């Protein structure tokens, strides 16, 4: 009986060994296939992410080029403006001289107020962005080029409401590059409850706060009121300008709307008081 039990156990173990030997190659093949699929998916995700970030960086580069050219054009225009204004005044018929001077004055006032408001708005966005990024560094975000990022966000805010989102992209790229291999940054949790590797969610949240402050407080107070436009009209003009001419259209949408408002207001005044002119 003991002999039979030993022989039976030996036979069963031998059979089990044979089955494992046969199954092992297939198991390893499946494991290799699964590992290959996982590696392929991870590679695809990384490539897609890098491609998206590269596209966004390219878009920012194009926008900054347009903004720089517009800035240079504005400086040239301001330098030559007095000569242009004098030539314009000289060709105005005497009949419309007083009305035209008043119109030119109101347009100048509207545009200068807008530029002043935009400058203050850009400074505010740059300052808030720099402050927010410095605060993130206190928690270990390891961000560099902070002043540069703030300047980009401020310049991009020549288009109202856009600056914080433009500043967000280089901040995320720098956080990612500076924290590769940093286990603490990789395992970082936003508010201690939400995974935020490389502080990416923290950066997004910070710039969203900046955008909300800029969009709900700064732009209506400094930009909309500077040209006498209702915040809703500012948003509509930005939407129309962006649809027609893209970033360039958004850049000029608000001042163009302000100038149009001045012209229409002056035309209405002239029509109502035509008998007095």
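In our numbering, the protein residues as written are 490 to 766.
Glycine included, every Cβ here is placed at the ideal spot set by N, Cα and C.
Quantities reported herein were computed from a predicted structural model and do not represent experimental measurements.
Quiz item: Roughly how many angstroms lie between the CA atoms of residue 608 and residue 644, to the nearest whole one?
Solution: Approximately 9 Å between the Cα atoms of the pair.
Exercise. With a 10 Å radius around its C-beta and 16 neighbouring C-beta atoms as the bar for buried, classify residue 695 as buried or exposed.
Key: So residue 695 ends up on the buried side.
Practice problem: Using alpha carbons as the reference points, say which of 737, 734, 732 and 620 lies closest to residue 637. | Solution: Residue 620 is the option with its Cα nearest to residue 637.
Quiz item: What are the partner residues of residue 684, as DSSP defines its beta bridges?
Solution: 678, per the DSSP bridge assignment.
Practice problem: Give the range of the alpha helix (DSSP H) segment to which residue 661 is assigned. | Solution: Per DSSP, residue 661 is one residue of the alpha helix (DSSP H) stretching across 652-667.
Exercise. Could you tell me how far apart the beta carbons of residue 738 and residue 730 are, in whole angstroms, since I believe they sit closer than 8 Å?
Key: Residue 738 to residue 730, Cβ: 3 Å. Contact.
Quiz item: From which residue to which residue does the alpha helix (DSSP H) around residue 587 run?
Solution: Start and end: 586-627.
Quiz prompt | Buried/exposed call for residue 700, threshold 16 Cβ in 10 Å | solution = Residue 700 counts as buried, since no fewer than 16 other beta carbons sit within 10 angstroms of its beta carbon.
Quiz item: Okay, do the segment 682-697 and the segment 654-665 touch, 3+ Cβ pairs below 8 Å being the bar?
Solution: Verdict: yes, contact present.
Quiz item: If you follow the alpha helix (DSSP H) that residue 703 is part of, which residue opens it and which one closes it?
Solution: Premise fails: residue 703 is in no alpha helix (DSSP H) and is neither H nor E.
Quiz item: Does DSSP put residue 632 in a helix, a strand or coil?
Solution: In the three-state reduction of the DSSP assignment, residue 632 falls in the coil class.
Self-check item: Reference residue 661; option with closest CA among 692, 653 and 723
Solution: Nearest C-alpha to residue 661: 692.
Quiz item: Can you list the alpha helix (DSSP H) stretches of 4 or more residues lying completely in the segment 726-765, in chain order?
Solution: Taking 4 residues as the shortest admissible run, the segment 726-765 contains the following complete alpha helix (DSSP H) segments, listed from N- to C-terminal end: 736-761.
Quiz item: When you compare only the Cα positions, how much space is there between residue 723 and residue 610?
Solution: Between residue 723 and residue 610, the C-alpha separation is close to 15 Å.
Self-check item: Three-state class that DSSP yields for residue 581 in the structure shown
Solution: Note: residue 581 maps to coil in three-state DSSP.
Self-check item: Exposed unless 16 or more other CB atoms sit within 10 angstroms - verdict on residue 708
Solution: Classification for residue 708: buried.
Exercise. Select from 615, 677, 674 and 679 the residue whose C-alpha is nearest the C-alpha of residue 652.
Key: Just measuring C-alpha positions, the residue of 615, 677, 674 and 679 sitting nearest residue 652 is 615.
Self-check item: Nearest to residue 626 (by Cα), restricted to the options 674, 670, 598 and 581
Solution: That would be 674, whose Cα lies nearest to the Cα of residue 626.
Self-check item: Spatial distance of residue 628 from residue 697 (CA atoms)
Solution: Their Cα atoms are separated by approximately 19 Å.
Practice problem: Under 8 Å by Cβ, that's how I've got residue 603 and residue 751 pegged, so tell me the actual separation to the nearest angstrom. | Solution: Contact flag wrong, Cβ pair sits at about 11 Å.
Quiz item: How close, in whole Å, do the beta carbons of residue 703 and residue 650 come, if the pair is a contact with beta carbons under 8 Å?
Solution: In this structure, residue 703 and residue 650 form a Cβ contact; the two beta carbons are roughly 7 Å apart against a cut-off of 8 Å.
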